[in-house]
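Asks: Questions regarding the structure given below will be posed in turn.
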Amino acid sequence: MDNPANYFKTYRLELGFSNQSDAKFFLAAKDITPDIDYAYITLLNERLIKILKNLNKILVGDLKNNDLKLFSEKYITRPYEILKNNDIISKLNNQGRRPEQVLFSWLRGFALVELFKPIFAKLFSIDVALMVNIGDDDLKNIDTFKRTPTADLQIQKNGEIINIEVQAGFQGINDIKEHKVREAKKVSQNNGIKTICIHIDIFNGQVAFIRLDSIKDNDINFVTRQQMEGQSVFSIDQNYFKWRLLDALPSLKELGVGL
C-alpha cells in the first residue's frame, strides 16, 4: 500500500486543494466571514449607556458623574467611531465570539474605568489629571489593541509609584487572571512598584481591593476555571470587598492594601 501521506495529498488535490491550509479553511468555512451588524452594535451601545446611567444613579452624592451625556459621547461613541473608521471591529475575536460582542465587552470595561477614575482619585486623595493611563490599548492598531497584562492606571502616592489594574465582573464570578498577578510581582521585583487590583463587581454591587504583588505563589485562592479554557485564576475572596456601591466611599486606610 502507498504511503498514507501521499494518498492524503493526492486526495486533497482531487478535491482541488494544493495545500492543507486551504483545505482546512474551506472545510471549516473560515474563508466566509459575516458582515458586521452595525444595527446590533447600535443596540449594544444603547444598552451600555443604560448600564452606566443605572450605575451612576445609585452612586452616593458627589461620586456621581454630572454630565453622563457628554461622558457617553467621549468614552463610548468616539472610541467606537475610531475603531470603526480604522477597520478594527472586523478583526476583533475572543474565544469565537462575534466581533460585535467583543467590542461591547471592551467598550464596557473602557467606559467603566473612566467613570470610576474620578472616584479612585478621590480615594487616593490625588488630582484625577495625575492618574496616568498606561494600558496598551491603541484604538487605531489591532496589533497593540489586544489586551496585555500591564496595569490600566499609574499614580504617585506618598512619593512612590503605584500601578492600578481595574477590572469589572458582570455575572457574579470574580477572578483575576494569574498572568496579571505574575506581571505585578515581576514589576515589583524589577522596579519596586506596587500594583493594586480594583475589581468592580457590578452584578453584586461591591468593590474589592487586592495588592497583586503581595499574593503568594501557593495562595489557596488560585483555581482553574474550565469555562475559561482551563486558565488559572485568583478567585477573589469576599474579605477583599471593602466597598459596597450603595455606601459612601471608604477611606484608603480601611482598604488594607498597605499604602
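Numbering (this note's numbering), first residue to last: 27 to 285.
Just so you know, even glycine gets a beta-carbon here, dropped at the ideal spot from N, CA and C.
Nothing here was measured: the structure is a model prediction, and the numbers come from that model.
#1: Residue 198: which of 230, 49, 213 sits nearest, CA to CA?
#2: Whose C-beta lies closer than 8 angstroms to the C-beta of residue 105 among residues of the same chain, with five residues either side of it excluded?
#3: Between the segment 239 to 251 and the segment 45 to 59, do three or more beta carbon pairs fall short of 8 angstroms?
#4: What separation, rounded to the nearest whole angstrom, lies between the Cα atoms of residue 151 and residue 92?
#5: Taking DSSP as the reference, what is the three-state secondary structure of residue 34?
#6: Taking the straight line between their C-alpha atoms, what separation do you get for residue 269 and residue 50?
#7: Applying the 10 Å Cβ sphere with the 16-neighbour rule, what's the burial state of residue 125?
#8: Please list the segments of the beta strand (DSSP E) lying wholly inside the segment 247 to 272, counting only runs of 3 or more residues, in order along the chain.
#9: When the Cα of residue 12 is compared with those of 48, 96, 64, 82, which residue comes out closest?
#10: Kindly indicate if chain B contains any beta-carbon less than 8 angstroms away from that of residue 76.
#11: Taking all protein chains shown into account, decide if residue 191 is buried (16 or more other Cβ within 10 angstroms of its Cβ) or exposed.
#12: To the nearest angstrom, report how far apart residue 33 and residue 53 are at their CA atoms.
#13: Tell me which residues share the same chain as residue 287 and place their Cβ nearer than 6 angstroms to its Cβ, disregarding the 5 neighbours each side in the sequence.
#14: Please classify residue 279 as buried or exposed, where buried requires at least 16 neighbouring CB atoms within 10 angstroms.
#15: Give me the Cα-Cα distance between residue 207 and residue 219, rounded to the nearest whole angstrom.
#16: State the Cα-Cα distance for the pair residue 83 and residue 263, rounded to the nearest angstrom.
Replies: On the basis of the coordinates in this document:
#1: 230
#2: For residue 105, the CB contacts under 8 angstroms within the same chain, skipping 5 residues up- and downstream, are 133, 136, 165 in chain order.
#3: Taking 8 angstroms as the limit for Cβ pairs, the verdict is that the segment 45 to 59 does not touch the segment 239 to 251.
#4: 20 angstroms
#5: helix
#6: 51 angstroms
#7: Burial check for residue 125: the Cβ neighbour count within 10 Å reaches 16 or more, so the residue is buried.
#8: 248 to 251, 257 to 261, 267 to 270
#9: Nothing about residue 12 can be reported from this structure: the residues present for the chain run from 27 to 285 only.
#10: No chain B appears in this structure, which consists of one protein chain only.
#11: That one is buried.
#12: 18 angstroms
#13: The structure shown does not extend to residue 287, since the chain spans only 27 to 285, so no value can be given for it.
#14: exposed
#15: 13 angstroms
#16: When rounded, the separation of the alpha-carbon atoms in residue 83 and residue 263 is 27 angstroms.
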